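Engineer: In the UniProt record's numbering, the protein residues as written are 1 to 71. Where a beta carbon is used, it is the ideal one built from N, C-alpha and C, also for glycine. Just so you know, these numbers come straight off a predicted model, no measurement behind them.
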């Protein structure tokens with residue numbers, strides 16, 4: 001079962017590599033080293049996913065119009 005992300009931080013280490021700190025809701029933190037290029041790929045993947053889900057999240061219909069507010 002997937003854990004729920006509580007918070008995250010990104011820092012740099014002494015060698016200039018980025019370190020992702022991912023903390024779950026139980027307080028357990030996992031650390032991952034990543035290069036600039038890897039973080040850039042993560043950003044692109046997140047943007048693509050959010051863009052594909054944007055219509056559903058914002059409630060936009062197929063015509064690109066937002067639904068009318070109920071009176």
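#1: Give the range of the beta strand (DSSP E) segment to which residue 23 is assigned.
#2: Just checking, does the stretch 49-57 make contact with the stretch 23-34 on the three C-beta pairs under 8 Å criterion?
#3: Should residue 38 and residue 23 be called a contact, given that it needs their Cβ atoms to be closer than 7 Å?
#4: Kindly indicate the opening and closing residues of the beta strand (DSSP E) around residue 14.
#5: On a CA-only basis, which of 59, 26 and 17 is nearest residue 4? Give me that one, please.
Structural biologist: Inspection of the coordinates gives the following:
#1: In the chain shown, residue 23 corresponds to position 23, counting from 1. Segment 18-24, the beta strand (DSSP E) holding residue 23.
#2: no
#3: Here residue 38 refers to the residue found at position 38 of the chain shown. Here residue 23 refers to the residue found at position 23 of the chain shown. Using a Cβ distance threshold of 7 Å, residue 38 and residue 23 do not count as a contacting pair.
#4: Counting from 1 along the chain shown, the entry for residue 14 is found at position 14. Unbroken run through residue 14: none, as it is neither H nor E.
#5: Taking the first residue of the chain shown as position 1, residue 4 is located at position 4. Taking only the C-alpha atoms, the option nearest residue 4 is 26.
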